[in-house]
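Every position in the sequence shown, counted from 1, becomes a number in the working numbering once 923 is added. First comes the structure, then the notes that go with it.
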Amino acid sequence: MSAAIAAQRTAERSGLDCSITLLERNTHPGTKIRISGGGKCNVTHQGTPAELLQQGFLRINERRFLRNALFGFSSSDLLELLHSRGVETEVRPDGKVFPLSGDASSVAMAFEELLKESSVQLVTSCRVKSIERKEGKFHTAAEGATYTSDVVILATGGVSYSKTGTTGDGLAIARKTGHNVKVPSVALAPVFTIKAPPFTLSGVALRSVALVASAGDHSVERRGDLLFTHRGFSGPAALSLSRDIAELIRENGGALLFADLFPEHTPAELEKLLLNHATKHGAQMVRKFLQICPIAPVKGAFNDAPHGTIPTALVTFIIRHALIDIDVTWSGLHKEQRQSLLSVLKRFPLGSVREIPLDQGEVSAGGVDLSEVNPKTMQSRVVPGLFLCGEVLDYAGEIGGYNLQAAFSTGWMAGVNATKASIC
């Protein structure tokens, strides 16, 4: 929708008499917006374009590609547009921005109203089959009709939330027009282990840990909160790392998961802290210590700045994996047992993963190779006059509204530049 609105506004400001048609597969536009964020719609993230790029897009090539788009249509521009339509927003402590009403439909309706007020012709329940360029014109074949145009914007999304109509049609069309389309993969998805965690841990949250996935000589890591579920793991750390885990699995056939419960300290630093604590508190049971110690101790002691503690439900499993007695005290702990405990605290086993289902992702990675699209215009380098935006492109951001912002920004840039490139 943002692409169509941007195209119409650009034409209007330029005094061009353009005919703009939006072909929508669903019965109404904005279906995916309406269900995003569990129906609450984390529409964007607070911050400057540079901050959003740094925080939300960890892969350098994707960050570079999106730079022009996010500076061209920033989160401030998006919020100004929404506010002008009466959609008030709130910024949460973590920087996520939501509609104040808590209703994603308010965001979708704002864009729908802009469409209705514009000269854009909206055609719903229209599934595009193919796009061909002949003699300088595009011929877009849909169910029941063929549309001829000077330029085309492909804004079909990827393959996430297939029930909303994003079933990969745009990727197939892009491939047929000669683009290199990277295989779609999951992103921002929960991680399901082959053997589910013990049911007593379901719902248990670990704060500020490092989730590590390894396969062969390769490993990937992400810090953040981690949530045990009845099928595996969720929470920011798992969602953020899921894309990397999926790639590890594709290359190696599987991956092992671990949690570093003290990511702020190297094994040597943590061992020193444990030794100092054992010297001062020899009569204390190790399990009691684990129940109250902060996960991120500072200033050389465990009683300074408790950023989060190990959940009681997890302590029994730590003791079991370390092969020590449940009631052992620090003074009764042998060196080998202390080394075993240290190893478990730094590399607590979470299980193995063989697959992360594509339909579980909030967004999908993969898509049209970014090198084949001009980042300053969103125009294809392969097919002049064809513009691409959003999830059909090979990028995926972090959780927190970054992906919606990128979709709006690339869509806006595509709309503006498609109008400029059009003969009209």
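All C-beta atoms in this analysis are idealised placements derived from N, C-alpha and C, irrespective of residue type, glycine included.
Rounded C-alpha distance that separates residue i from residue j
i	j	result
THR1047	LEU1077	16 Å
LEU993	THR1333	8 Å
ASP940	GLY1147	51 Å
ILE1241	THR1202	21 Å
THR1252	LEU1281	47 Å
THR1063	LYS1343	20 Å
MET1032	SER937	27 Å
ALA934	LEU945	15 Å
CYS1347	SER942	Here the model assigns CYS1347 a pLDDT of 48, short of 50, so the residue's position is not dependable, and the following value carries that caveat. Their Cα atoms are separated by approximately 8 Å.
GLU1187	THR971	28 Å
LEU1256	ALA1160	33 Å
ALA926	LEU1184	45 Å
GLY1284	PHE1331	19 Å
GLN1262	VAL1286	41 Å
SER1165	TRP1335	29 Å
LEU1198	GLY1205	10 Å
MET924	GLU974	25 Å
THR1071	VAL1296	22 Å
In DSSP terms, what residue i is bridged to
i	result
LYS1060	LYS1057
GLY1155	PHE1115
LYS1105	GLY1290
ASP1183	ALA1133
LEU1309	VAL1075
ALA992	Paired residue(s): none; ALA992 is not in a bridge.
PHE1271	ALA1182
SER1142	SER1137
SER1303	VAL1296
LYS1019	HIS968
PRO1217	THR1232
Cutoff 7 Å; reference residue i; Cβ partners in own chain excluding five residues on either side
i	result
LYS1222	Below a pLDDT of 50, predicted positions are generally treated as unreliable, and LYS1222, at 44, falls in that range; no measurement from the model is reported.
VAL1127	PHE1151, PRO1234, ALA1236, LEU1237
LYS1019	ASN965, HIS968, GLY1323, GLY1324
ILE956	CYS964, ALA1027, VAL1030, ALA1031
ASN1340	THR1300, MET1301, GLN1302, PHE1310
PRO1190	LEU1265, LYS1269
SER1345	CYS941, ASP1073, VAL1074
GLN1207	THR1252, TRP1253
VAL1010	PRO1022, SER1029, VAL1030, ALA1033
SER1041	ILE928, GLN931
Cβ-based burial, residue i [other Cβ within 10 Å; buried from 16]
i	result
PHE988	buried
SER1163	buried
SER1266	exposed
ALA1245	buried
PRO1307	exposed
ASP1017	exposed
ARG948	buried
GLY961	exposed
PRO1272	exposed
ALA1178	buried
LEU1037	buried
LEU1023	exposed
For residue j and residue i, believed in contact at Cβ under 8 Å, the rounded distance
i	j	result
GLY1155	ALA1119	7 Å
GLU1350	GLY953	Outside the displayed range of the chain (924 to 1347) lies residue 1350, so it cannot be described from this structure.
VAL1305	THR1100	7 Å
ASP1167	ALA1138	With a Cβ gap of about 11 Å, ASP1167 and ALA1138 do not count as contacting.
LEU976	GLY1290	Not quite, the Cβ-Cβ distance comes to about 19 Å (not below 8 Å), so this is no contact.
Chain-order list of residues whose beta-carbon lies under 6 Å from that of residue i (same chain, five-residue window excluded)
i	result
GLY1091	VAL1082
ALA930	ILE943, GLY1338, ALA1341, THR1342
PHE1115	ARG1154, GLY1155
Cutoff 8 Å; reference residue i; Cβ partners in own chain excluding five residues on either side
i	result
HIS1141	LEU1171, GLU1174, ASN1175
ASP1292	HIS1102, ASN1103, VAL1104, LYS1105, ASP1317
PHE980	ARG986, LEU989, TYR1318, GLY1320, GLU1321, TYR1325, ALA1329
PHE1225	A caution first: PHE1225 carries a pLDDT of 49, below 50, which makes its placement in the model too unreliable to give a value.
LEU1327	ILE956, SER959, CYS964, ASN965, VAL966, THR967
VAL1132	ARG1146, GLY1147, ASP1148, LEU1149, ALA1160, ALA1182, ASP1183, LEU1184, PRO1186, ILE1218
THR950	THR1047, SER1048
VAL1209	ILE1242, ILE1247, VAL1251, THR1252, TRP1253, LEU1256, LEU1264
ILE1117	GLY1274, SER1275, VAL1276, ARG1277
Residue-level contact to chain B via CB, residue i, 9 Å cutoff
i	result
HIS1244	Looking for chain B here will not work: only one protein chain is present.
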